[in-house]
Amino acid sequence: MSSLHLMIFIPFIFAIIVPFIHRQCIQRVHTGWFVLAVPLSILLYLIPYIRAVSIGKTIQLELQWMPSLGINFTAYLDGLALIFALLISGIGALVILYSIYYLSKEKEALNNFYVYLLLFMGAMLGLIFSDNIFVLYVFWELTSISSFLLIAYWYQRKHSRYGAQKAMLITIAGGLAMLAGLILLSIITETNSIREMVSMVGESEKHKLFLPAMIFLLLGAFTKSAQFPFSIWLPDAMEAPTPISAYLHSATMVKAGIYLVARFTPVFGGSAEWFWLVSGAGIITLLYGSINAVQQKDLKALLAYSTVSQLGLIMSLLGIGSAALYLKTGNESSVYAFAVAAALFHLINHSTFKGSLFMVVGIIDHEAGTRDLRRLGGLAALMPVSFTLAVIGSFSMAGLPPFNGFLSKEMFFTSILTLIEQPVFGIRALAMLFAIVAWTASVFTFIYCMILVFKTFTGKHHPEKLDKQVHEAPLGMLVSPMVLASLVVMIFFFPNVIADYFLKPALAAVVPGQAGLDIHISPWHGWNAEVIMTLGVIGCGILLYRGLKKWLPVYQRYPKGLTFNHLYQLTLEGMEGLSFKVTKRYMTGIVRDYLVYIFFTIILVIGGALWLLDGISFYFSNNAPVNAYEMGIVVGMIVAALTVLLAKSRLTAIIALGALGLLVSLLFVVFRAPDLALTQLVVETVTTVLFLLCFYHLPELRREKSKLRFKLTNLLISLGVGAVFTVLALSANNHRFSETISSFFEDSYTLAGAKNMVNAILVDFRGLDTMLEILVLAIAGLGVFTLIHLGDSGQAVKSNLLEKIKSNDVILRTVTKAASIIIFTFAIYLFFGGHHNPGGGFVGGLSSAAGLILLYLTFDSETIRENIQVDFKKLAAAGVLIAVMTGAGSFLFQAPFLSQTFGHVELPVFGDTELATALIFDLGVALAVVGTAMTIILTISEDES
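To get the numbering used here, take the position in the sequence shown, counting from 1, and add 117.
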């Protein structure tokens, strides 16, 4: 595994470790101090790359994942990825430092907070470094999931849950649209690599799927970056703690959509549709966010809408700059490429001043107990440092000197004026409209920045309206915003350091034809149209701010029913109402009805497909003859199955079902499938106990007389399903569309060092299937535990059913001791022998579970607790973790996920011994099976309800 890949996986690895660290240091030191090492180490790792990337170098490292599908984890580092990586790690470090003082280690579930934060950090790093579009999508959706967890961190609050759900629904919906776009792109270009897609631009533009792919991709970008009309989720997401808001909604998550547009601009940027869609959505979002920010009474809501507005500004610049790819060469192209540089510059500036402002607002909330502007005022004298930081951040966002926001805002005006002076795609009127909207939005931006500073910190202080006595925050909480505020000022005086080391290489990634563009940013650029526009913004902004009380009531006249929030709520309620009506029609509460729906659908779909596609064909000439004893076993299975159906007592049904299972095992033996026979035998043993425990809770079996129509329906469905699957199996056996793969598996000893082909398939060739199966098993076990203990509220464990069926028979206990030793020994043999002989982790785990069940049935609970001190839930989780880590371990050797290897070593006593990594994977399988089986059985046995 390359060091670049390792930087991506470090947050995920630490996310696993954090709960254990938290448990050890909860009383002594804040968990955040340990987590802080993660972003700092990533930041320190990336710093040496700045020089290399600034001179045009790129780093591309590949980690095989699913090479047969063309999906490998190719990490690609260029100027664009480097900017985002430094923001993610740098601001991530400051946010974690801030959170150490903001979140109390006594009152908050810090382990959850830092696990979610690290998951998000790793997902963002994976997203920006991914060259493969489908790997990018995996990380994209992981950012949505982890951000959902972060927004809902205070899940006890209704608004936190609502905001998290809203963000999840909108961004996941956009993510699915983006996936459709990526699939279409893959079809168009016949590659999954973004680098290769860029090299094929001329050909892909002519494809009929080019425009649909663009639209779907932009839907994903717009939803994630809160572009109009999808921006409604961002204000509600502000219910999260301030460190989360500062990280997700100023520097990282909302910038993911910006990154996506920038990364795919070389692919789509030469088209008029991309230009107008991106720039149009951005300029509308800019105006929408700035207008709505002015009317907010909550400081975080104001910052939320300001974020929407600033994201619109960056998006509009990317759209305008994409015209450089249409013009390709010449001075006109360079002028438009300048807009991309402005977008990237404002992206950096926005992360600094907005991150600082979020932290200042968090400090106000922390120290004053409120963010409500109607209760605040006069805080400048009480919180002088916070006031200074607020002035720096707000004035920068307003576009005033000497702060970095002034420079990027001037560059924004330059790009807008370029659109008027040198219009592209022949629409000059829209260019004029862009300028008017941009200037108007800038005026409103100035107003809400003044509201943030002066309504909060100046005027009369009202201590009676506050729940706390206000004072300045501790130094530790101020350090992070002070660092960001310092960067705001330093970038203003030294902007060309950013231009030379970051903007130029990033511009080369977004607009490849402009790699040599000279970007020079000056704090003062003379008296030009941009400065005049800025003076107009300041003048109109001051006038409107002073008359705020006169015109602000206009907002109240807008009908609430026409807002997008109201439309979203109506849509949710309508969907819920429709789904309830539909569900109510078929959810009768009767299991038999559900089975009829399922089986009838199977008959209709599969049977209909076989009939319509002429897939029914039988050829018995090559089949082996059926012996009398095989027919006898089948007849016995039929009799056992009918007994289960007709039995008048559950005990008879259980015995008949067990007999059916044993006959199936015998059939496996006859057909020389010892692995299947072993597994079936042990499964029958464990499930019989499980059935007994479940049936204990059910009332006495009563077979009431039912109508003929009811019985006839059951009979027809049963015969139909049996016939369809019989026909399907026979037909499938006679349709060979390709060569059989059995010859590949027959070489299992050479390929996997295993003489047992079945076990080699389970733990090597198809190890991913097995891993997912044990994951499902573990989830099922935890589900049973959760459902049964739901509502216990920490009460004492109920009396154990197993205690009621125990016997004090000394002979039984003596025999059990000997039998359990034999069972466990046999289980160990099955586990270790499975690589070459019948057995393996699954059947070995089940055998161990059978032995444990025997002990639990025979001995009292105190004896068991003294000798078997195991939490089976944790054992199941450990098994799944071992299996996953074994699969991930192959990355260390540049091999695809779950690649196994083997070798021969000389061991003392044992001599030449074969060692295989598949054994470790099999150990995970065995632990997961034991843990899950025992969790289910013990949980059911403890329930009396």
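Built from N, CA and C at the ideal position, the CB exists for glycine as well.
Given the structure is predicted, the values throughout are model-derived calculations rather than measurements.
Item, Value
"Can you give me the Cβ contacts of Gln912 inside the same chain, cut-off strictly under 7 angstroms, excluding the 5 residues immediately before and after it?", "Because Gln912 carries a pLDDT of 49, less than 50, the predicted location of this residue cannot be relied on, and the following value inherits that uncertainty. Result list for Gln912: empty, nothing under 7 angstroms."
"Does the beta-carbon of Asn984 have 16 or more other beta-carbons within 10 angstroms, so that it is buried, or is it exposed?", "exposed"
"Quick check on Gln686: buried or exposed, where buried means 16 or more other Cβ atoms within 10 Å of its Cβ?", "exposed"
"If you draw a straight line from the C-alpha of Phe129 to the C-alpha of Leu235, how long is it?", "6 angstroms"
"With DSSP collapsed to three states, give me the class of Ser734.", "coil"
"Let me check understanding here. Comparing Cα to Cα, which of Leu199, Cys142, Arg145 and His147 lies closest to Ala170?", "This sequence places Val at residue 170; Ala is not what is there. Among Leu199, Cys142, Arg145 and His147, the Cα nearest to that of Val170 belongs to Leu199."
"In its own chain, which residues sit with a C-beta less than 8 angstroms from the C-beta of Gly1048, not counting the 5 before and 5 after it?", "Ala895, Gly898, Phe989, Lys990, Lys991, Leu992, Ala993, Ala994, Ala995 and Gly996"
"Give the single residue among Phe948, Thr975, Asn954 and Phe137 whose Cα lies nearest to the Cα of Ser965.", "Phe948"
"Can you tell me where the alpha helix (DSSP H) holding Glu179 begins and where it ends?", "Per DSSP, Glu179 belongs to no alpha helix (DSSP H); it is in the beta strand (DSSP E), Ile176 to Met183."
"Roughly how many angstroms lie between the CA atoms of Phe333 and Lys222, to the nearest whole one?", "43 angstroms"
"Taking Cβ to Cβ, would you say Val477 is nearer than 8 angstroms to Tyr364?", "no"
"Evaluate the contact criterion for the stretch 413-430 versus the stretch 461-480: three or more CB pairs, one atom per stretch, below 8 angstroms.", "yes"
"Compare the Cα-Cα distances from Asn189 to each of Gln141, Leu253 and Phe131 and report the closest residue.", "Leu253"
"What did DSSP end up calling Ile985 once you bin it into helix, strand or coil?", "coil"
"Going by the beta-carbon positions, is the gap between Leu335 and Leu394 smaller than 8 angstroms?", "yes"
"Hey, how far is the Cα of Val761 from the Cα of Ala776?", "10 angstroms"
"Does the distance from the C-beta atom of Ala485 to that of Thr575 stay below 8 angstroms?", "no"
"Between which two residues does the beta strand (DSSP E) carrying His1021 extend?", "Phe1019 to Leu1024"
"Tell me which same chain residues have a C-beta within less than 8 angstroms of the C-beta of Leu97, skipping the five on either side of it?", "Residue 97 falls outside the range modelled here, since the chain spans only 118 to 1062, and no answer is possible."
"Can you tell me whether DSSP reads Asn189 as helix, strand or coil?", "strand"
"Secondary structure at Glu223, three-state DSSP: helix, strand or coil?", "coil"
"Considering Cα atoms alone, identify which of His578, Asp881 and Leu972 is closest to Thr1034.", "Asp881"
"Within this structure, are the beta carbons of Lys341 and Gly291 separated by less than 8 angstroms?", "yes"
"How would you label Gln413, buried or exposed, when you count the other beta carbons within 10 angstroms and need 16 or more for buried?", "buried"
"List the residues that DSSP assigns as beta-bridge partners of Asp489.", "Asp415"
"Contact between the stretch 353-361 and the stretch 287-307: three or more CB pairs below 8 angstroms?", "no"
"On a CA-only basis, which of Leu524, Val699, Phe716 and Gly664 is nearest Phe610? Give me that one, please.", "Leu524"
"Could you give the distance in angstroms between the alpha-carbon of Ala869 and the alpha-carbon of Pro955?", "16 angstroms"
"Who are the near neighbours of Leu549 in its chain, counting only those whose CB is closer than 8 angstroms to its CB and skipping five residues on each side?", "The sequence as given places Met at residue 549; Leu does not occur at that position. Contacts found: Ile537."
"Which residue spans inside the stretch 373-425 form an unbroken alpha helix (DSSP H) run of at least 4?", "389-411"
"Comparing C-alpha positions only, which one of Thr1030, Ile1053, Tyr703 and Gly298 sits nearest to Ala967?", "Ile1053"
"Under a three-way DSSP split, which group does Glu258 fall into?", "helix"
"Does Asn249 come out as helix, strand or coil in the three-state DSSP assignment?", "strand"
"So, helix, strand or coil for Val914, using DSSP?", "Because Val914 sits at a pLDDT of 45, beneath the cut-off of 50, its placement in the model cannot be relied upon, and the following sentence gives the value as read from the coordinates. Note: Val914 maps to coil in three-state DSSP."
"Is the separation between the beta-carbon of Ala1000 and that of Met888 shorter than 8 angstroms?", "yes"
"Quick one: what does DSSP say Leu1032 is sitting in, helix, strand or coil?", "strand"
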